[in-house]
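Under this note's numbering, the first residue of the sequence shown carries the number 3, and numbering increases by one thereafter.
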Amino acid sequence: MALGVHSEIGKLRKVIIHRPGLEHARLTPSNAEELLFDDVLWVKKAKDEHDAFAEVMRERGVEVYHAEHLLAEAIVKPEVKDWACEYILNEREVGITAAQRAREWVQTADPTLVAEFLIGGITRADVARNVGLEWESADPTSMLLPPLPNFLFQRDPSCWIYDGVTLNPMTKPARKPETMIMEIIYRFHPMFAAEQFPVWLGGADENWGRAHVEGGDVQPIGNGSVMIGMGERTTPQAVQWIARALFRAGSARQVLAVHLPKSRSYMHLDTVITMCDRDLVTMFPPVIAGARTWAIRPGQSADELVIEEQRGTLPEHMARALGVKNMRVIETGGDTFEAEREQWDDGNNVVALEP
Numbered sequence: 003m004a005l006g007v008h009s010e011i012g013k014l015r016k017v018i019i020h021r022p023g024l025e026h027a028r029l030t031p032s033n034a035e036e037l038l039f040d041d042v043l044w045v046k047k048a049k050d051e052h053d054a055f056a057e058v059m060r061e062r063g064v065e066v067y068h069a070e071h072l073l074a075e076a077i078v079k080p081e082v083k084d085w086a087c088e089y090i091l092n093e094r095e096v097g098i099t100a101a102q103r104a105r106e107w108v109q110t111a112d113p114t115l116v117a118e119f120l121i122g123g124i125t126r127a128d129v130a131r132n133v134g135l136e137w138e139s140a141d142p143t144s145m146l147l148p149p150l151p152n153f154l155f156q157r158d159p160s161c162w163i164y165d166g167v168t169l170n171p172m173t174k175p176a177r178k179p180e181t182m183i184m185e186i187i188y189r190f191h192p193m194f195a196a197e198q199f200p201v202w203l204g205g206a207d208e209n210w211g212r213a214h215v216e217g218g219d220v221q222p223i224g225n226g227s228v229m230i231g232m233g234e235r236t237t238p239q240a241v242q243w244i245a246r247a248l249f250r251a252g253s254a255r256q257v258l259a260v261h262l263p264k265s266r267s268y269m270h271l272d273t274v275i276t277m278c279d280r281d282l283v284t285m286f287p288p289v290i291a292g293a294r295t296w297a298i299r300p301g302q303s304a305d306e307l308v309i310e311e312q313r314g315t316l317p318e319h320m321a322r323a324l325g326v327k328n329m330r331v332i333e334t335g336g337d338t339f340e341a342e343r344e345q346w347d348d349g350n351n352v353v354a355l356e357p
């Protein structure tokens, strides 16, 4: 079966997730904000809950793959070790001496351990010998390679849109290594290396400027349409690039670009609206009710985009795109105070395992 995601609610057959790990054990009140977390986790409980989440999917017939395992399986190859050293453990990121030592370590260490530390970060205490000025000037808990606690959110660093994938150039520098890890998996892991699929946007070989996108803003809703939020984390530059790439390949017929407030509370489109069934959404009305939406469609030439602002509500635009009479709406639960609390706790962010 060809790889791809053709709707938000079709039967999910394969999924990549990431179990909480070393990177979450290294979250503290003093570094959480820098690492884009609002609080520290009870790591043991988080692991238990994540295992239960994975088991629910397996019980529904979903093949569940852990990103950390895929990374470890890919990094056994010499060319993958070289790629990781060039892009993640290079001199600009870890320092001149440390980059040399890192290359030696990656070449000889157990791939499972390498994968764990690439995600979990490397402290001074993890390194047994002097690896340069960064090591000399650090205290025992200083991060020579920062941890990636947001790697838990596997929807963000890459996203499948119909028959291709994006390697997302994310807005926040703290998250950029997550995309590189997914690029290793999609480039080199045997499950993907033998497959042919387009990359709509992204890749470490190119500077993507202000074309930023995170997968939480991207929803291939089906019937040739894609819905992409433009708020705190995704820019119009990226939306147009993705639209053009999809249209050139004939993989989509329109993109609905949804303007969101630039607020951490609504950092992604999937925090305020997601699909539960072919004609059903859950949404947070205070944001969605006033959201401006533009339809982007292919023009006469391969590079021409026709952009038209839409009248009406987002559920109405979705209904037209999906060819249904109207979208049923489940609003965020509770009174005004409860609804705001529920939205903050991702009450509108669901993943449908099937219709």
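For glycine and all other residues, C-beta sits at the position ideal for the given N, C-alpha and C.
If you check the CB distance, threonine 273 and alanine 354 do not come in under 9 angstroms. Around proline 159, the same chain offers Asn170, Glu180, Thr181 and Met184 as residues with beta carbons nearer than 6 angstroms, after the five sequence neighbours per side are excluded. Within the DSSP secondary-structure output, cysteine 278 pairs in no beta bridge. Across the set Cys278, Met3, Lys174 and Tyr67, the C-alpha of Lys174 shows the shortest separation from the C-alpha of phenylalanine 39. By alpha-carbon distance to methionine 329, the top candidate from Gly204, Arg280 and Asp53 is Arg280. At the C-beta level, leucine 271 and glycine 231 come within 9 angstroms of one another. Contact between alanine 74 and alanine 117 holds, with the beta-carbon distance rounding to 4 angstroms and staying under 8 angstroms. With a minimum length of 4 residues, the unbroken runs of alpha helix (DSSP H) contained wholly in the stretch 68-100 fall at 69-76, 80-89 and 93-96. For threonine 168, the uninterrupted beta strand (DSSP E) segment begins and ends at 166-169. In terms of Cβ geometry, proline 222 and valine 215 do not form a close pair [threshold 9 angstroms].
Here tryptophan 243 has Leu203 and Ala213 as same chain residues with Cβ atoms under 7 angstroms from its own Cβ, once five neighbours each way along the sequence are excluded. Nearest to isoleucine 290 by C-alpha distance, out of Pro317, Arg299, Met269 and Lys264, is Pro317.
The way I'd put it, the stretch 23-42 does touch the stretch 146-156; three or more beta-carbon pairs between them come closer than 8 angstroms. Positions of the alpha helix (DSSP H) runs, each at least 4 residues long and wholly inside the stretch 217-305, are given as 238-251 and 287-290 in order along the chain. Using a Cβ distance threshold of 9 angstroms, alanine 254 and leucine 248 count as a contacting pair. Checking the DSSP bridge columns, you'll see glutamate 65 partnered with Lys16. For arginine 330, the secondary structure class from DSSP, reduced to helix, strand or coil, is strand.
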